[in-house]
Every structure is written in structure tokens, then in C-alpha cells.
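Novice:
2 protein chains.
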Amino acid sequence: MKIRKIPGGITAAKGFSAANCEAAIKYQNRKDMALVYSDVPCALAGVFTSNKVKAAPVLWDMDIVKNGKPGQAFIVNTGIANAGTGEAGMNLCRQTAAHAAEALGIPADSVLLGSTGVIGPNLPEDRINAGISAMAKTLSASAEAGTAASIAIMTTDTVNKETAVEFDLPAAGGEGTVTVCLGGMSKGSGMIHPNMCTMLACLSTDCAIDRGLLQKALGTVVTDTFNMISVDGDTSTNDTLLVLAGGLAGNRPITEEDESYRLFLEALFTVCRELAIRMAGDGEGATHMIETRVIHADTKENARILARSVVASNLVKAMIYGKDANCGRVLCALGYAGPEFDPAAITIDMVGEKDSLCFYKDGCVQRFDEEKALALLSEHDIHFLCDMNMGDEEATAWGCDLTYDYVKINGDYRT
Amino acid sequence: MKIRKIPGGITAAKGFSAANCEAAIKYQNRKDMALVYSDVPCALAGVFTSNKVKAAPVLWDMDIVKNGKPGQAFIVNTGIANAGTGEAGMNLCRQTAAHAAEALGIPADSVLLGSTGVIGPNLPEDRINAGISAMAKTLSASAEAGTAASIAIMTTDTVNKETAVEFDLPAAGGEGTVTVCLGGMSKGSGMIHPNMCTMLACLSTDCAIDRGLLQKALGTVVTDTFNMISVDGDTSTNDTLLVLAGGLAGNRPITEEDESYRLFLEALFTVCRELAIRMAGDGEGATHMIETRVIHADTKENARILARSVVASNLVKAMIYGKDANCGRVLCALGYAGPEFDPAAITIDMVGEKDSLCFYKDGCVQRFDEEKALALLSEHDIHFLCDMNMGDEEATAWGCDLTYDYVKINGDYRT
């Protein structure tokens, strides 16, 4: 395996440390702030919410990314989003970054910010600053510190999300290879739509890579990972994804789209895909992860739209929870997705670990063995395979089932 | 008032009768079929689902409407959708129409069909035919028969939906005016999205009007009524809206877009708006109707998109149920809707019967009196007024709150 899964998260890569604290911003008696810090200035890339209303920390980070400045720290708070706060919110960002810069001995414009929580209220500057001062003194490069940070950024999440991989790249200025590491953490859960709460994600790597290529790689990877658990446009005011690349691994810096870049891209895809799937599967009380793979679509974008429509469908989600093989709902979700197709030409299968079931072809919902369907619906991961029979493009989307009361109405609709 | 609300529904207009029966198509011991019949052939207009996968009865009706044929009967069944049934489903439509034609003494291609229920299974031809035979013998023009038909087409609906209006038009070939009547019934409820279940609606009028103008009027009115309780493209395989115009009122036939046409258009808008709002408000256990009016938008279509985005937002719906004035969620829903706007230039108000509250302006969520907010959120109908401050276009959308378990998580998110 060129890309190898390893333990750890945000502190897995050389040069990165993390800390967390109880700042009592809104909730009491729980961790509500986290700090990620790099020993060296990092090449920085970011992707942000497409919401027309952007929180102050998003505007702050976008400005740093746009200007091509290096990043060295990322400060996250939960409880209050610092959105809809106008100029006061921007001032708070400036003051927070200045305070962190002093505490950490780095430039203020290398301090990235992320907030999640209620829209409207102003952040309590004193408690934010106290939290930063405390965290600056407790930074640790241990795996435990990384895990603790991934827990501190949780809101409605039921589990923390972190992952890391390593891979080998040619060594800088010499023979042989060095091991490069890429890890990350995220918060957010895909209950009905991902807009149920903000997604914050931070990745760190010791890979040496040109900033422009890092941004290009991130943009490429996001389309088929984080954006495939989302419904287009359905984004919060605060969604933020950052990558910090410190370069301490000692690889020959990636400066063009060569074999090393492609390997980095694959590693980035692996980490983002893992975090995205964990977010998709982390619905409140979710009992299933739902994966929909659309193959033989006419265009890549249509494949994505169709796959997302199935995993975003409340009716499909309810059906999975109710273990009710009312598979016409998958057909219906493809039908209202938008892209043109011939309903008589497509096939839809449910694919399990050892078995599979075709429930739609030749324009007709097929008769199927109810016991076999129930066995497939009893697996934790539910896979739908939709063959559009139009071209060579494919895409995969992820979601989870719905376990709320209204599922009682819809999960039993067919029986 | 030029347009006067009157009692009744589908049988309010001269020449229309209705019947219903227990056909035991899927459910036992409940009405599950309805028949609407006109004494005379009617000018027919229809609007159908935009889903790429269309149920057999939708394809059957579309063909009749497209060919400009008159309509004289509408047969509805619940329990099975006759969708995803291929050629067998189309054959069933042909046989059903032929049987109804014989029972009613009318052409088979004047028999419209509507189905709602599970996608996949075939309809039981014998029970459908037995139901039609029984209903043909019990047709009645009474208001009670109309109400009973509106009850027979219910599925997950909690209340039946019917309404009627009358207005005056110049009499045919002479002095004075005649009273024209337009009524209708619909089924469908807007829980999360209207795609939770099929919308079926049938309107009947004794107005004499050219078929082409009838279709034009219907297309015009649907955009700002039924489509404003829907999220674009989120449609079932079976959505059907039909209007039958028999012409027995004795008005001078409407053949051009004159004053009479505009009055008819206003009546049609009134009836469609009323049915749409009732559908929007009929969520399982809904405790509030939510209306969002967007004013001063740059284009009409953007106004519609923005208004729909607010009423379709699960977070807004949950906030209303929880009576939690977490108004940033309205701002967020405008932001991810798509249209460009300047967050610092818009204002958002909550408008009650006697009071109102501005909760967002100048780029900031405003401080507001929590008691006043609670009083506004305690009214049954919740109105949001969003001023985009960009142009002169406006639109209104309708929805309901969410009362399911997951609301417990999100309705209390802010406190």
C-alpha cells in the first residue's frame, strides 16, 4: 500500500502540537476550545462555506489564504459562531489573533480562526483570550493531545473524528525516500443535511509542497469527499477546511504535478474521504451509513448530483432506518435530482458484504426476496449501486439513516 | 369583493358530481378511491411532476392534456402509486379508463387518472374496476359528496382540503352577469419536503373558457402557489394538478386575455393559494404555519428561491417548534439559497398580528426583547419579512414547523 493508515490525527505529522481548554464560552464543564500549532510557518490552503452570509472568522481566514500568507496556528471555539456580528465580530477576530500571536510568538496574520455555535451573539473576548493563554502553555505533540483537540471541537457530534496516513516521497537533496505524514480532525454531523451544524476541519502535514499546488490539491479532493456528503449550497455560515503543510518531513519539495504530487493527492483524498464518511455516518442515533455509487453517468457532475440526491433523501433515510425495502424511493430520488435519464434504461442494486439484490430494471421495480432484502438492510453499511447506462462517469456519496419520530410514520409507510 | 369564498369544494360548480368507495387496494376499512364526474365534456388543463420518473397515470393524463382532448372524469386511488410498473402499469391505465368509460358512458380518453402510494406494485385491476362500477352508481352533486371525495384521497394528510369561490362574469349573448364557481380539493402534506408524499389536486369550474387560456392561467398561478410550498425539483413520481372547466355557468366564453380572464386568474390564484397553504400547514403534528415574504429582491425568481429556502430549512422549522428565537437560522437559509446579496444591506423582521420585531439589520443580529419574541413565536402563523433592499420584486412561500424528536436537539440548541 502506498498510502498507509496510521494512528493519530492532527498531531501525527512532525512539528505539530495541540491543546484544548474549558473556556466556558457558552457551555460549562466541557472543553470548548482547541489550538493547533506548528513549530514552523506552513504553506496554507483553505476551502470555505459558499453561504452568502459568512461568519467573521471565515472572512478572516479567507483573507489570509487569498493573500498567500503562511499559517502557523488554528484556534477553534464552540458555543458561539461569531456570525451576524458585523464589524464587532471582525474586531474580535483581530484581537483574538493579536493575543494568540503574542502568546505564541508568531505573526497575527498566521493565526487562523474557526468558530461554531449560535449565530448572533458576540464572543466573550476575555474568556477567549484566557483560553488562548492557557492553551499556549499546554501544547503537546502527543497523539493524546491531538485526540483531545478533536474532542474539544465537538458540538452535536456523537463521536470525535480524526485520522492519519503516511506515505513515502523522494528525500530532499539526496538518495532514497522519507516518510511523510498527513493527519487531520473534523467536527460536524450529517443528520438531515450537513447544514444541521457547521463543519470545521483541519489537516496537518509535514510534507514540503508549494502553496499553490496545496490549494489545487485541496480543491480537487473536496469535490469528491466533503462535498459528497452535502447538498449543493446547503452550507452553514462557518464551514471551514484548512490544510497546514510545514515541510519538516524532509521530502524533495513538490513544485509540479509529478508522481509525488499524485501520491500526495491520493493521501489527501484518503484522509478527507475518511473524515467525510465519519461525518456522514454521525447522525444523532444513526444506525446505518448509506453509500450511493452512481456509475455509467453521462457526466461527472451529473453522477455527483444523482448520488447526492439519494443519500440526501429523507424518504430513503427513513426507509433504511425502518428496514423497509421500499426501494422505489431510491428511484424517486434519482428522478427529482435534475439530470435527464431514461427510467427504462437504468438499473438499481442494493449491494451487501456477501450478497446483492437488483430491485429495479427495465422500467419496473423487481419482485425480490423480502428475507434477502431484510438481511441486506440489517448490515450497518448500506450500499446502493445505480447504473445510469449512459456513459463512463461515476461518483459516490455518503449519508446516514434517520431515526427520529417521524420515521415511524414513513419507515412503515409501505406495510 | 370580486372573488367571494363560498362553502364546498369539487362539487361546488354546476355540472360536477363526486363519489367515493372502499376498494381495499391496500388499506382495509377506509375509503381509498374517489371519482369526480362532469355532466359535460370539459376544457382540460394540467400540470404534472417534473420528476424524470413519472408514474403511469401521470403519463396517461399528460398524453390527454397534450393532445388537447376534453376531460370528463377523474379517478383517484390511494395505497399504490402505479409507478415503476413499466408497460404493465400503462396497460392498467388503459383498462381502467376503458372500464370507467363504459360505466359512465363517456370516451375513454376523457378519463383522467391519479394514483398515490407505494412505488413498485401493480394495481389490482379487479378491485379498481369494482370500485369504479360502485362509484358510477353513487355519484352526487351534493357538497357532502365533494367533502367525502376530498377525504377519500387522503393518505398521510391529517385534514382534508377543499375550497371554493364564486365571482361574476358577463352573461353569454346578453345583458347582465352570471355567477361563476370554481372549487377544488387536494391531498398532500408538507412535512419536511412536499416529496414526503404525492400531491394530487383537482379543480372544477363551470366557467366557459378556452382550453389554451385555461392551461396558461394554470401555469401562471402554480408558480406562486403550489410551487411555493415546494423545493425545486423535489417532486414525487405522481404529482398531478388538473382543472376541468365545463362551461355550464352561462358566461360569455373567455377567449382572450381580457378583464374576464384576469378575474378568472384571480379566482384560480385564490383557490390554488388556499389549497397550497393548507398543504403546507398540514405537517404531522404541526403546531405552526410559517410564511416567508421576501420583498425588494432583484428578480422575481430570486425572491421565490430565497422565500422557499427559509420555509424549507429544517433548522428554521425546528426553531419555530421550539419557540427558540434563534433567528440567525433565517439569515443562514437566505445565505445558502443561491442568489447573491449583500448581508450588510438586508433586514429581517418577524411580524405578528399586532406586533413585530426586527432581528437582523446592518449586518448584525439585533438584540431583542425575549418576551416579545416568545409572544410572536406563540402565534399559530409565523411570518418572516425579508427585505433584500435590491429591487422591486417579491414572493411568498409557506411551510410548517417540525415537531419530531430531532427537534428536541435543535429546538433547544441555543439555550
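Just so you know, the protein sequences line up as chains A and B, in that order.
Each residue of the first sequence is one higher than the last, beginning at 1 in this note's numbering.
Each residue of the second sequence is one higher than the last, beginning at 416 in this note's numbering.
For glycine and all other residues, C-beta sits at the position ideal for the given N, C-alpha and C.
Check the Cβ of A/Asn51 against every Cβ in chain B and list those closer than 7 Å, keeping chain order.
Specialist: Cys747, Gly750, Tyr751
Novice: Using only alpha-carbon positions, find the residue among A/Ile382, A/Ile75, A/Cys42, A/Ile3 that is nearest to A/Gly459.
Specialist: The question about residue 459 of chain A has no answer, for chain A in this structure spans 1 to 415.
Novice: Using a Cβ cut-off of 7 Å, pull out every chain B residue sitting near A/Pro343, in sequence order please.
Specialist: Lys467, Val468
Novice: Step through the CB atoms of chain B and report whether any lies within less than 9 Å of the CB of A/Tyr27.
Specialist: no
Novice: Drop a sphere of 10 angstroms on the beta-carbon of B/Pro754, count the other beta-carbons inside from all chains shown, and report buried for 16 or more, exposed for fewer.
Specialist: buried
Novice: From the beta carbon of A/Ile75, is the nearest beta carbon of chain E less than 9 Å away?
Specialist: Chain labels in this structure do not include chain E; the protein chains are A and B.
Novice: Using a beta-carbon distance below 9 Å, is A/Cys93 in contact with chain B?
Specialist: Chain B has no Cβ within less than 9 Å of the Cβ of A/Cys93.
Novice: With a threshold of 8 Å, are at least 3 pairs of Cβ atoms found where one atom belongs to the segment 427-446 of chain B and the other to the segment 547-558 of chain B?
Specialist: yes
Novice: How big is the Cα-Cα spacing for A/Val76 and A/Ala34?
Specialist: 5 Å
Novice: Along the chain, where does the alpha helix (DSSP H) that runs through B/Asp478 open and close?
Specialist: 471-481
Novice: May I ask you to verify whether the segment 346-358 of chain A touches the segment 243-263 of chain A, counting CB pairs closer than 8 Å and requiring at least 3?
Specialist: no
Novice: Rounded to the nearest angstrom, what separates A/Asn227 and B/Arg719 at their Cα positions?
Specialist: 25 Å
Novice: For a test of the three-state rule: what should DSSP assign to A/Asn195, helix, strand or coil?
Specialist: Confidence at A/Asn195 is low in this model, with a pLDDT of 43, below 50, so its placement is unreliable and the value that follows should be read with caution. Three-state result, A/Asn195: helix.
Novice: Relative to chain A, which residues along the segment 760-788 of chain B have a C-beta separation below 7 Å, given in chain order?
Specialist: Residues of the segment 760-788 of chain B with a C-beta less than 7 Å from any C-beta of chain A: Tyr775, Asp777, Gly778, Cys779, Val780, listed in chain order.
Novice: In chain order, what residues of the same chain lie with their CB nearer than 7 Å to the CB of B/Ile495, ignoring the 5 residues before and after it?
Specialist: Ile440, Lys441, Ser530, Gly532, Val533, Pro536, Leu538
Novice: Pull up the distance between the alpha-carbon of A/Trp60 and that of A/Gly219, whole angstroms please.
Specialist: Here the C-alpha atom of A/Trp60 lies approximately 19 Å from the C-alpha atom of A/Gly219.
Novice: Starting from A/Gly174, trace the beta strand (DSSP E) both ways and give me its first and last residue.
Specialist: Counting along the chain, A/Gly174 falls outside any beta strand (DSSP E), and DSSP gives it neither H nor E.
Novice: Looking only at its chain, what residues have a beta carbon closer than 8 Å to the beta carbon of B/Asn444, apart from the 5 residues adjacent to it on each side?
Specialist: Around B/Asn444: Glu437.
Novice: Could you say which of B/Gly423, B/Thr714, B/Thr702, B/Gly603 lies nearest to B/Thr655 if we only look at CA atoms?
Specialist: B/Gly603
Novice: From which residue to which residue does the alpha helix (DSSP H) around A/Glu417 run?
Specialist: As shown, chain A starts at 1 and ends at 415. That puts residue 417 of chain A outside it, with no answer to give.
Novice: Could you name the residues of chain A that B/Ala471 contacts, counting a contact when the two beta carbons are closer than 7 Å?
Specialist: Residues of chain A passing the Cβ test: none, with the nearest at roughly 10 Å.
Novice: Please say whether A/Ser110 and A/Ala73 have beta carbons closer to each other than 9 Å?
Specialist: yes
Novice: Residues of chain A with a CB under 8 Å from the CB of B/Thr573: which are they?
Specialist: Per Cβ cutoff of 8 Å: no residues; B/Thr573 is ~11 Å from chain A at best.
Novice: Going along the chain, which residues of its own chain have a beta-carbon closer than 7 Å to the beta-carbon of B/Phe679, five neighbours each way excluded?
Specialist: Cys622, Ile624, Ala632, Ile669
Novice: For a contact defined as C-beta to C-beta under 7 Å, what are the partners of A/Val222 on chain B?
Specialist: Neighbours of A/Val222 on chain B: none; closest Cβ ~17 Å, over 7 Å.
Novice: Using a 10 Å radius around the Cβ and a threshold of 16 neighbouring Cβ atoms, would you call B/Asp807 buried or exposed?
Specialist: exposed
Novice: When Cβ atoms are compared, which residues of the segment 103-129 of chain A fall closer than 8 Å to chain B?
Specialist: Those would be Val118, Ile119, Gly120, Pro121, in chain order.
Novice: Hey, could you find the ends of the beta strand (DSSP E) A/Glu340 is sitting in?
Specialist: No beta strand (DSSP E) contains A/Glu340, which DSSP labels as neither H nor E.
Novice: Are the segment 37-47 of chain A and the segment 148-163 of chain A touching, with three or more C-beta to C-beta distances below 8 Å?
Specialist: no
Novice: Where do the ends of the beta strand (DSSP E) carrying B/Thr707 lie?
Specialist: 704-712
Novice: Given 8 Å as the limit, tell me if A/Tyr336 has its C-beta closer than that to any heavy atom belonging to the ligand MN.
Specialist: Only the bare structure without any ligand can be found here, which leaves the ligand MN out of the picture.
Novice: Jot down the residue ranges of each uninterrupted alpha helix (DSSP H) in the segment 84-125 of chain A, minimum 4 residues, whole runs only, in chain order.
Specialist: 86-104
Novice: Should A/Thr235 and A/Asn51 be called a contact, given that it needs their Cβ atoms to be closer than 9 Å?
Specialist: yes
Novice: Could you please give the first and the last residue of the uninterrupted beta strand (DSSP E) stretch that includes A/Met350?
Specialist: 347-351
Novice: So what does DSSP say about B/Val822, is it helix, strand or coil?
Specialist: Summary for B/Val822: the model assigns pLDDT 41, below 50, so the residue's position carries little reliability, and this model does not support an answer.
Novice: Work out the CA separation of B/Val731 and B/Asp740 for me, nearest whole Å.
Specialist: The sequence shown places Ala at residue 740 of chain B, rather than the Asp named in the question. Going by the C-alpha atoms only, they are around 10 Å apart.
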